[in-house]
Every structure is written in structure tokens, then in C-alpha cells.
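>
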Amino acid sequence: MLDWLDPLALARWQFGLTTLYHFLFVPLTIGMAFLVAILQTAWVRTGKLKYLHLTRLFGRIFLINFAMGVVTGIVQEFQFGMNWSDYSRFVGDVFGAPLAMEGLLAFFLEATFIGLWIFGWDKLPAKLHLASIWIVSISTMLSAYFILAANAFMQNPVGFTINEERGRAELTDIVAVLTNPVVVASFPHTIFASIMFAAVVVVAVAAYHLARGQYDETMRTALKFGGITNLVAFAGVAFSGDQLSLVMVATQPMKMAAAEALYETAGPASFSIFSLGTPDGSSEIFSIRVPYLLSLLSTHTLTGEVEGINDLQAQYVEQFGPGDYTPIIWVTYWSFRWMIGLGSLAALISAVGLWLTRGGRTPAGWAWKVAIWAAPLPMIASLVGWIFTEMGRQPWLVFGLMKTEDGVSPNVTGLEVLISLVVFTILYGALAVVEFKLIVKAAIEGPKEWENHADADDIDHAKLATVY
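Going by the UniProt record's numbering, the sequence shown opens with residue 1, and the numbers climb by one from there.
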């Protein structure tokens, strides 16, 4: 069989493709639900029409994105049985518990209360209707927690025992699974990153309309709201990322070493800004480093020791047997930097934008364009962050328990996987075009029926909402 029909390689490509595609919608759903809930709260508390307009405008964007996320998420469940049946048999007893909780609890709440929010504008009391979107927002975050708990088991397996007779991991402590240090650290990091993405989308939409002189007061409010939210969320991302790095050093030291292209154990250890290694990835040729910074990030001390790739490889050979336990260095190294760099750039653009528009000032046209084109930055940062998380775990599917090559379905041929990969790629490509056009259309349309209503505090909220 040709190498390009290798079932393992194709199964990995397919799962990577569908996972990253699904994750295009996840952060915007989580973040936008939260921001819409805040905007609707502002409307209910103040009675100002501009907050209703923003609630409905970004609520439409949220609903479009939510629908697409549900459709693409279903495919993920099927792949465990299609291409990764050995993995499913081995870890299903543990992995299935948080996934079942996500479906039966979190998604049930999402589906129920999103329906109440959509159809309850002129039927529910204002505060009860507001409560429905807050429950949706909390449910999206709860859903993320359960999914991250399942993924955390792959990074740092806890709360299980190995049944040697049946050859699988069996759940012994669901509390340990749900309080895995990895999920406790990664959850706030993911939520803050999601809020960043949603906030930058709000900024981009506001910038589009302000550049055209439309809805000035309301869009300036949106611009300020999105910019400040983005900066606050970025601070949360930075703090939670610091905590996540400590957990990573404790549970997956090879991932941290690969992220820094640190081949030899060092203490104090420097942080690599730029590095070149040998083609076989066994040593460093050239690098630009900041002294002591890696020790500070990894141990919160200036002289802490950080284990290197070569020493960890030797330890793993002794612990797990012969094999290469090093991830692809250039992937982990650069994805880690792109994640940090793109997120920081998005925050910087928001800070500059808030400065340029202070006191009602109108910046040059280029500033609006930068704000619009900056919208994808947090999303791309999240995507490369997930690439770093999953590729940095390699060659393990479940760290220390199952290698990736041992989890693929034994009876699925490379051709079968290739066909489904091509189909998914074409289908997802078409869906991406539809999703993008719908969101752009909603953003360009702006608030509906704007010209028919004045900004007043004594407005009949329920009656007004029916025009949308």
C-alpha cells in the first residue's frame, strides 16, 4: 500500500481537520453568548434602545454560529467509532462519562433555553427572558468544561484503573476526572480566549459601520465595549496561560521542552524567541534567548531547572521501552509562538483603537480597516493553540497509556478514510462559505428597523422586540 494511503496518517489528518473546523465555531459561540447576555442585561437595566439593537444584532450572529457548531460537532462523535475504534474500546468507560454529562446536562440546557430566548421576546417577562440567555451562556461554558475534562484525561490520565483481562481503562473516580489539574487550568484559558474572539468580532462590526458613518452613538458603544472586553479577556488569557504552563511542566514536561526547543536540561533556563535546529530535531544550531525567562514561566523562580528533550527522551525509553517520545519540534515550537503572538497582537490593536477613538475622536480610515481585518486573530491563535496541545502530546493518544498508532481502527482501509476525508473537506468547505456569508450579511445589515425608532427610556420593550 502506498504511504499516502496509510490509515493512521489519514485518520489523524481527518480528525485534525474536523476538530479544527468544529473549533472555528466553538469560541465564538461561547464568547458571543456571554457578550449578548451582558448587552441584554444593559438594555433591561437602563432601557436604552442602543443596547437592544446590539443585543439583537450580535444575537443573530451568535445563533448563526451556534447552529453551525452543532452540526459540525456531531461528526466528532462518529469518528471515535469510525476511525478510532481501538481507542474507543480502551478509554470509552472513562471518556464517555464527561461526554455523556455534556450531552445530557449542558447541551440539554443550551437547546432548551436558546429556544426560550429566540421565541420568548414578546411572550416572557423581560427579566425571565434575560435569565434564559444567561443560562445559555453558562451552559455553553459548562459544555466546554466537560469536553475539556475528557481531553484532559488524554493529557493526564487520572481516576481510572486498568482492567488487564479486558484490556481497557475503567473509571474509578469521576471527581478526579472532573477536577483533573489540566482541565482546571485549561478551562479558564479557553473561556477567556473565546471571549477575546467574540469581543474582536464586536469591534470589527462596529468599525465597519463607523467607517461608513452609520449608527454612530451605538457603534461607538459597541467599539468601546468590545475593545475593553478584549483587553480584560487578554489579561485573563495571560494569567490562566501562566497557570496552565505550570501544570504542563508537572504533567507533560516533554511538551514544554518541545515548545521551547530546549534540548538539554537547564537551570536557570532561558526563553527562546527564535531557534533553528538540526533536520533530525536532535539539537539546536542557533537561537535568540531571554535569560531566566523560561525558568520563571515554568517554576516561578529565576533559577528553576527545566528538563530538556534529550534527558526526557532517555527517561521515557527507560520507563516505557524503546521508541521516539519526542513530538515534532518545529510544530510545537512555532505553534506556541503563533498562539502567543496573534493573541497579543489582537489585544494591542484593541488598545490602540481605544486610544484613537477616545473622547469621540474619529481616526484615519486605515484604523477602521485594521480593526476589521483583526477579527480572525484570536480565532487563529486558538486554533494553533489546539495544534500545540494535541501535537505536543505525541506520540501518545493517552499519555503514558496508549500510543496514537495503537488507537486507530484495525479494519478500516486507507482508501476508506481517504474518501471520507475528501468528502468532509468538500462539505466543510461549502459550509464555511455559507457560514461566513451569513455572518457577514448579518454584520453589514446592522440593527434592523433602526430608522423607525428613537432612543428613548420609556419604550415598550416587548412590543419593540417583535419588529426584529
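Just so you know, even glycine gets a beta-carbon here, dropped at the ideal spot from N, CA and C.
Can you tell which of Phe25, Trp134, Val91, Ala176 has the C-alpha that lies nearest to the C-alpha of Ile162?
Val91
> How would you write the range of the beta strand (DSSP E) that Phe25 sits in, first residue to last?
Segment: none, Phe25 is in no beta strand (DSSP E) and carries neither H nor E.
> Please determine, among Ala169, Leu377, Ala204, Arg45, the residue with the shortest C-alpha to C-alpha distance to Lys224.
Ala204
> Give the range of the alpha helix (DSSP H) segment to which Glu405 is assigned.
Where Glu405 is concerned, there is no enclosing alpha helix (DSSP H), given that its DSSP letter is neither H nor E.
> Compute the Euclidean distance between the alpha carbons of Val467 and Leu128, then round it to the nearest angstrom.
Residue confidence for Val467 is low, a pLDDT of 39 falling below 50, so the modelled location carries little weight; the figure read from the coordinates is stated next. C-alpha separation (whole angstroms): 20 Å.
> For Val175, does the three-state DSSP call read helix, strand or coil?
helix
> If you run the structure through DSSP and keep just helix, strand and coil, what is Ile328?
coil
> Please list, in chain order, all residues of the same chain as Asp6 whose beta carbon is under 7 Å from its beta carbon, the five residues on each side excluded.
Listed in chain order, the non-local C-beta contacts of Asp6 below 7 Å within the same chain comprise Gly414, local neighbours out to five positions each way being set aside.
> Using the C-alpha atoms, what's the distance from Trp368 back to Ala101?
Note that residue 101 corresponds to Met in the displayed sequence, not to Ala. Each residue's alpha carbon lies about 43 Å from the other.
> Candidates Asp173, Val384, Glu217: which alpha carbon is nearest Phe160's?
Of the candidates Asp173, Val384, Glu217, Asp173 places its Cα closest to the Cα of Phe160.
> For Gln214, count neighbouring C-beta atoms within 10 Å of its own C-beta (all shown protein chains included) and say buried if the count is 16 or more, exposed if not.
exposed
> Please say whether Gln79 and His22 have beta carbons closer to each other than 8 Å?
no
> Mapping the DSSP letters down to three states, classify Phe239 as helix, strand or coil.
helix
> Grouping DSSP H, G and I as helix and E and B as strand, with all else coil, what is Leu54?
helix
> Am I right that Phe424 and Phe388 are in contact with their C-beta atoms under 8 Å? What's the rounded C-beta distance?
Not a contact, Cβ separation roughly 23 Å.
> Would you report the Cα separation of Lys123 and Gly343, rounded to the nearest angstrom?
41 Å
> Which partner residues does Val434 have in the DSSP bridge list?
The secondary-structure analysis by DSSP pairs Val434 with nothing; it has no beta-bridge partner.
> State the DSSP-derived secondary structure class of Trp84, mapped to helix, strand or coil.
coil
> Name the one or two DSSP bridge partners that Ile349 has.
DSSP output for Ile349 lists no bridge partner at all.
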